[in-house]
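In numbering that gives the first Met the number 0, the protein residues as written are 0 to 154. Cβ atoms here follow ideal geometry from the backbone N, Cα and C, with glycine treated the same way. Inspection log for the structure reproduced underneath, given as structure tokens.
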Amino acid sequence: MDLRSLDGLTRVLQASISPVVLVSGVGLLVLSFSNRFARVTDLLRGLLREAAAGTPALAAQVENQVQILLRRAHLLRLSIACAMGCVLLVSLVVLGLFVEAVLDVPLHLFILLLFALSLVCLVASVALFLRDMQLSLRALQEEVRRRERRVAPSV
């Protein structure tokens with residue numbers, strides 16, 4: 000492709016716009032996932048402090064919730080890693096488009112493969128996030144049960 004003409008340059012830039020928009024959208028997802036990860040780790044630290052300062056019975060009560068929060072932290076970390084993998088692959092797609100245009104090297108299949116892999120990473124990231132949402136509800140249910148046991152009248 001001749002990049003010296005406005006037509007050739009315009010085509011390369013147009014081909015690069017969609018992947019760049021995807022990077023922007025995934026960046027917002029990463030921001031959301033990172034905030035959620037920070038909240039989970041803060042909750043986990045608070046629970047561990049509470050368990051350490053309390054009785055062994057209290058520590059046993061919060062253990063299940065601690066395990067759920069640990070699992071959530073791992074899922075969110077993996078979700079962030081998949082999203083960042085998507086960003087990396089999309090960046091390589093844009094780079095590949097420019098290499099193909101400037102050096103006139105046929106990279107169509109390689110670029111297509113990179114883009115497909117980036118979408119797989121994005122789908123994996125969102126699926127992991129959905130699993131985190133499910134575990135979040137489970138942790139909330141554990142908290143409600145724990146509070147109900149504390150308030151339950153003794154017989």
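**Item:** Start and end residues, alpha helix (DSSP H) containing GLY84
**Value:** For GLY84, the uninterrupted alpha helix (DSSP H) segment begins and ends at 55-102.
**Message:** Please list the terminal residues of the continuous alpha helix (DSSP H) segment that includes LEU127.
**Reply:** 107-150
**Message:** Measuring only the C-alpha atoms, how far is LEU94 from PHE109?
**Reply:** 12 Å
**Item:** Counted within 10 angstroms of its Cβ, other Cβ atoms place ARG177 as buried (16 or more) or exposed
**Value:** Within the shown structure, residues of the chain are numbered from 0 to 154, placing residue 177 beyond reach of any answer.
**Asked** Can you list, in chain order, the residues of its chain whose CB lies under 8 Å from that of ARG48, leaving out five sequence neighbours each side?
**Response** Beyond the five residues adjoining it in sequence on each side, ARG48 comes within less than 8 Å, by CB distance, of no other residue in the same chain.
**Item:** Sub-8 Å separation of GLN64 and GLU142 beta-carbons
**Value:** Cβ atoms of GLN64 and GLU142: closer than 8 Å.
**Prompt:** Ordered along the chain, which non-local residues of its own chain (more than five positions away) have a Cβ less than 6 Å from that of GLU99?
**Reply:** Cβ within range, chain order: LEU106.
**Message:** Between SER90 and VAL22, how many whole angstroms is the CB-CB distance? I'm expecting something under 8 Å.
**Reply:** 7 Å
**Request:** Closer than 6 Å by C-beta to ASP131: which residues in its own chain qualify, once you throw out the five before and the five after it? Chain order, please.
**Result:** Cβ contact annotation for ASP131 (same chain, cutoff 6 Å, sequence separation greater than five): ARG71, LEU74 and LEU75, in chain order.
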